[in-house]
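All letters in the sequence shown, in the order written, are residues 167 to 290 by our numbering. Where is the CB? At the ideal position from N, CA and C, for every residue including glycine. On a predicted model such as this, the values are computed, not experimentally measured, just so you know. One structure below.
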Amino acid sequence: MKQVFNENSPSGHYTPGMISNGVLYISGQTSADPATGLPAVGGIEAETKMALAKMESVLKAAGCEKEDVVMCRIYVSSMDYWGDVNKVYSEFFGEHKPARIVLPVGRLNKGCLLELEATAEVHE
């Protein structure tokens, strides 16, 4: 196994990513701005963009691209956000369509509206 760290590596007892048997497991990426620790300003669309950018940073640190993502799990504080999340998500991934689930979970850490985790294929 190999731990993957990036410029936004957490201080908690986990790594942003872990590679095992050719698979990258990306830890939950909240919509909190790494500079402030607060949710990205601008509502659910801005928060979705922030979480996806943080996920992409982990992908790049592992030598992967967003097209390598095979599964994405998105946790939202309300299903009312689904349409806006889907719009930003679709723009981010373009023609690539990883498997996905969107789950309403209520309250998220630091007041974020969204958190996501992903699994990606590693090409060695």
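Contact belief for residue i with residue j at Cβ below 8 Å, rounded distance in angstroms
i	j	result
Glu-283	Asp-234	Between Asp-234 and Glu-283 the Cβ distance is about 15 Å, and since that is not below 8 Å, they are no contact.
Lys-276	Leu-204	7 Å
Glu-213	Cys-278	6 Å
Ala-228	Val-170	5 Å
Met-237	Pro-264	6 Å
Ser-197	Ala-217	5 Å
Asn-172	Ser-223	5 Å
Residue i - partner residues in DSSP beta bridges
i	result
Ile-210	The partner list for Ile-210 (beta bridge, DSSP) is empty, contrary to what the question assumes.
Pro-270	Val-242
Lys-168	Ile-185
Ala-284	Ile-192, Cys-238
Pro-200	Bridge partners of Pro-200: none, in fact.
Secondary structure of residue i, DSSP reduced to three states
i	result
Ala-249	The amino acid at residue 249 is misidentified as Ala; the sequence shows Gly. In the structure shown, Gly-249 sits in a helix (DSSP, three-state: H, G or I).
Lys-263	coil
Gly-194	strand
Ala-217	helix
Below-8 Å beta-carbon distance, residue i vs any chain B residue
i	result
Met-237	The structure shown contains no chain B; it holds only a single protein chain.
Q.
So, does the stretch 242 to 253 touch the stretch 183 to 197, judging by three or more C-beta pairs under 8 Å?
A. no
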